[in-house]
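A.B. asks: Numbering-wise (my numbering), the sequence shown opens with residue 10 and increments by one. Glycine included, each C-beta is placed from N, C-alpha and C at the ideal position. This one's a predicted model, so the numbers in the text were calculated from it and none came from an experiment.
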Amino acid sequence: MSASHRSKAICKTLPVAIRRARDDELDACAALYERAGNAAFTWRPKNWFKAEDFLAHAQNEEVYVAESHGAILGIMAFFRPSNFIHSLYVDPDAQGFGIGTALVEAAQKIADGPLALKVDEPNARARAFYERLGFKSAGESGVDAGIRWLRLTRE
Numbered sequence: 010m011s012a013s014h015r016s017k018a019i020c021k022t023l024p025v026a027i028r029r030a031r032d033d034e035l036d037a038c039a040a041l042y043e044r045a046g047n048a049a050f051t052w053r054p055k056n057w058f059k060a061e062d063f064l065a066h067a068q069n070e071e072v073y074v075a076e077s078h079g080a081i082l083g084i085m086a087f088f089r090p091s092n093f094i095h096s097l098y099v100d101p102d103a104q105g106f107g108i109g110t111a112l113v114e115a116a117q118k119i120a121d122g123p124l125a126l127k128v129d130e131p132n133a134r135a136r137a138f139y140e141r142l143g144f145k146s147a148g149e150s151g152v153d154a155g156i157r158w159l160r161l162t163r164e
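1. If residue 110 and residue 161 are in contact, beta carbons under 8 angstroms, what's the gap, nearest whole angstrom?
2. So residue 58 packs on residue 50, CB below 8 angstroms; how close in whole Å?
3. Taking C-alpha atoms, which residue in 81, 94, 56 lies nearest to residue 125?
4. With H, G and I counted as helix, E and B as strand and the rest as coil, what does DSSP make of residue 141?
5. Identify the residues that DSSP records as bridge partners of residue 158: which are they?
6. Who are the near neighbours of residue 149 in its chain, counting only those whose CB is closer than 8 angstroms to its CB and skipping five residues on each side?
7. Under a three-way DSSP split, which group does residue 25 fall into?
8. Just tell me which of 101, 92, 45, 66 has its CA closest to the CA of residue 164.
9. Is residue 95 helix, strand or coil by DSSP?
10. Between 113, 118, 151, which has its C-alpha nearest residue 138's C-alpha?
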């Protein structure tokens, strides 16, 4: 993928570019991960999502940002060896504009095989989102900190 992939305008006033995060942006990405994760994952303990966890994982992953007008509105951490979307978060104030879809489509373009991810079973909104994008159950599940997760894939 080129340094910056310009996607179609998601709405008339929100052009979004998907690109690799720069090193000096990783703290902002980690803050978005923490903020969006703690807002969405209400079934997890309070403040479950921590910026330092994101930064630790990011050392072995490719981090992409969805940027509009200089603001990072979404992030995706991609583990290339298994085409695995480890993290995909959109700022709560920017959800519903197609940013998550644009990040998944960017992952598909750089992947060299089927995409894979895990989703918490109680996360009905994310499960519906991924199903709309063609993800299907891979028949694998597990439990993390008492929460059941499902593995999804997309050809």
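C.D. replies: By the coordinates alone:
1. By one-based count along the sequence shown, residue 110 stands at place 101. By one-based count along the sequence shown, residue 161 stands at place 152. The C-beta separation of residue 110 from residue 161 comes to about 15 angstroms, leaving the pair out of contact by the 8 angstroms criterion.
2. What you label residue 58 is simply residue 49 of the sequence shown in a count that begins at 1. What you label residue 50 is simply residue 41 of the sequence shown in a count that begins at 1. With a Cβ gap of about 7 angstroms, residue 58 and residue 50 count as contacting.
3. What you label residue 125 is simply residue 116 of the sequence shown in a count that begins at 1. The residue with the shortest Cα to Cα distance from residue 125 is 94.
4. For the purposes of this step, residue 141 is identified with residue 132 of the sequence shown, where counting begins at 1. Residue state, collapsed to three classes: helix.
5. Stepping through the sequence shown from its first residue, residue 158 is reached at position 149. Answer is 129, 151, bridged to residue 158.
6. To locate residue 149, count along the sequence shown from 1; it is residue 140. Excluding sequence neighbours, residue 149 sits near 159, 160.
7. Walking along the sequence shown from the start, residue 25 turns up at place 16. Of the three classes helix, strand and coil, the one that applies to residue 25 here is coil, per DSSP.
8. Indexing the sequence shown from 1 puts residue 164 at position 155. The shortest Cα separation from residue 164 among 101, 92, 45, 66 belongs to 92.
9. As a first step, residue 95 is located in the sequence shown; it is residue number 86 there, counting from the start. Residue 95: strand per DSSP, three-state reduction.
10. Here residue 138 refers to the residue found at position 129 of the sequence shown. Considering only alpha carbons, the answer is 113.
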